[in-house]
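Notes follow the structure.
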Amino acid sequence: MKKILFILLLFSCCIVAHAQPDSTTTTDSAVLYLTGTFKKYNPQKAFQLFTQRANAGESKAMNALGMHYAKGLGVDSNFTLAKYWFLQAAGNGYHKAWVNAGMLYKTHSTDSAGYAVAV
1019 MKKILFILLL
1029 FSCCIVAHAQ
1039 PDSTTTTDSA
1049 VLYLTGTFKK
1059 YNPQKAFQLF
1069 TQRANAGESK
1079 AMNALGMHYA
1089 KGLGVDSNFT
1099 LAKYWFLQAA
1109 GNGYHKAWVN
1119 AGMLYKTHST
1129 DSAGYAVAV
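Counting the sequence shown from 1 gives a position; this note's numbering is that position plus 1018.
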């Protein structure tokens, strides 16, 4: 009886875990599309997946959107949107985004006050 109860409990946990979307899987899929590893290279699809996760509040995805806009990967280059997403990610505690925002200010900004803040 205990074995049957254990198996039923284990099975129900698997069903619940499968029903909940995994944000890491979505972000990892986006990276695979971007790098062409195990999936066909598709920066537009990666951008779409990163956008979903960024809108859900994931800092790593926000930083990735900043990179897409800064480099023009799957979208037209837009330094204003790149800065926006880098600062959103940085504000959520993703430290690499501060470096990316600083590099963006250094290479593409005419605003010396913004560069001073970034450095």
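Yeah, the Cβ is synthetic: ideal placement off N, Cα and C, and Gly gets one too.
Everything numeric in this text was worked out from a predicted model, so none of it was measured.
- DSSP places ASN1081 in the uninterrupted alpha helix (DSSP H) bounded by 1077–1089.
- Assignment of SER1047 by DSSP, reduced to helix, strand and coil, places it in the helix class.
- Contact annotation: LYS1089 and THR1045 have beta-carbon atoms that are not nearer than 9 Å.
- DSSP places TYR1123 within a helical segment (H, G or I) once states are collapsed to three.
- Below 8 Å, enough C-beta pairs join the segment 1080–1094 and the segment 1060–1072 to call them touching: three or more.
- The straight-line gap separating the alpha-carbon atoms of TYR1087 and THR1053 is approximately 16 Å.
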